[in-house]
Amino acid sequence: MKNKLEEIRKQHGITQEELAEKLEVSRQTIGSLENGRYNPSILLAFKISRLFKLSIEDIFIYEESE
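The letter at position 32 of the sequence shown is residue 32 when you use full-length UniProt numbering, and the numbering goes up by one with no holes.
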(Lines of atoms letter the chains of each structure in order from A; the text may use other names.)
(Lines give C-alpha, C1' and ligand atoms only; values in the text may rest on other atoms or scores of the structure.)
Protein backbone atom coordinates (compact mmCIF):
# COMPACT_ATOMS: atom_id res chain seq x y z
CA MET A 1 0.00 0.00 0.00
CA LYS A 2 1.37 3.40 -0.94
CA ASN A 3 1.00 6.41 1.33
CA LYS A 4 1.66 10.13 1.59
CA LEU A 5 2.66 10.03 5.25
CA GLU A 6 6.18 11.45 4.83
CA GLU A 7 4.94 14.29 2.64
CA ILE A 8 2.11 15.16 5.08
CA ARG A 9 4.39 14.90 8.12
CA LYS A 10 6.93 17.26 6.54
CA GLN A 11 4.19 19.74 5.56
CA HIS A 12 3.26 19.90 9.25
CA GLY A 13 6.89 20.38 10.31
CA ILE A 14 6.92 17.23 12.46
CA THR A 15 9.89 14.87 12.78
CA GLN A 16 9.51 11.10 12.68
CA GLU A 17 10.31 11.05 16.40
CA GLU A 18 7.62 13.63 17.23
CA LEU A 19 5.02 11.79 15.14
CA ALA A 20 5.94 8.48 16.78
CA GLU A 21 5.50 10.04 20.22
CA LYS A 22 2.08 11.47 19.33
CA LEU A 23 0.94 8.11 17.97
CA GLU A 24 2.55 6.06 20.77
CA VAL A 25 4.64 3.97 18.37
CA SER A 26 8.38 3.74 17.71
CA ARG A 27 10.25 5.99 15.28
CA GLN A 28 11.15 2.81 13.40
CA THR A 29 7.43 2.16 12.85
CA ILE A 30 7.04 5.61 11.29
CA GLY A 31 10.07 5.01 9.06
CA SER A 32 8.70 1.64 7.96
CA LEU A 33 5.29 3.15 7.21
CA GLU A 34 6.82 5.96 5.16
CA ASN A 35 8.99 3.52 3.19
CA GLY A 36 6.08 1.20 2.48
CA ARG A 37 7.64 -1.72 4.36
CA TYR A 38 4.75 -1.83 6.83
CA ASN A 39 1.00 -1.37 6.50
CA PRO A 40 -0.68 0.21 9.51
CA SER A 41 -3.33 -1.48 11.60
CA ILE A 42 -6.76 0.06 11.14
CA LEU A 43 -6.42 1.63 14.59
CA LEU A 44 -3.10 3.27 13.70
CA ALA A 45 -4.49 4.45 10.35
CA PHE A 46 -7.39 6.14 12.19
CA LYS A 47 -5.02 7.75 14.70
CA ILE A 48 -2.89 9.16 11.88
CA SER A 49 -5.90 10.46 9.95
CA ARG A 50 -7.34 12.15 13.04
CA LEU A 51 -4.01 13.70 13.99
CA PHE A 52 -3.67 15.33 10.57
CA LYS A 53 -7.43 15.95 10.18
CA LEU A 54 -7.50 14.04 6.89
CA SER A 55 -9.38 10.97 5.73
CA ILE A 56 -7.55 7.66 5.72
CA GLU A 57 -7.89 7.67 1.92
CA ASP A 58 -6.08 11.03 1.76
CA ILE A 59 -3.05 9.43 3.42
CA PHE A 60 -3.07 5.79 2.34
CA ILE A 61 -3.59 4.68 -1.25
CA TYR A 62 -4.99 1.19 -1.61
CA GLU A 63 -4.22 -0.48 -4.91
CA GLU A 64 -5.83 -3.80 -5.69
CA SER A 65 -3.45 -6.33 -7.15
CA GLU A 66 -4.63 -8.04 -10.30
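Ideal Cβ placement from N, Cα and C applies to all residues, glycine included.
Every value quoted in this text rests on a predicted model; they were computed, and no experiment measured them.
Within 10 angstroms of its Cβ, does residue i collect 16 or more other Cβ (buried), or is it exposed?
i   : result
L19 : buried
N35 : exposed
R9  : buried
Q11 : exposed
L33 : buried
L5  : buried
Ignore the nearest five residues each way along the sequence and tell me which others in residue i's own chain have a CB closer than 6 angstroms to its CB.
i   : result
Q28 : none
K47 : L23
In the DSSP assignment, the alpha helix (DSSP H) including residue i goes from what residue to what residue?
i   : result
R50 : 42–52
G31 : 27–34
Give me, in chain order, the residues of the same chain whose beta-carbon lies closer than 8 angstroms to that of residue i; leave out the 5 immediate sequence neighbours on both sides.
i   : result
P40 : L33, I48, F60
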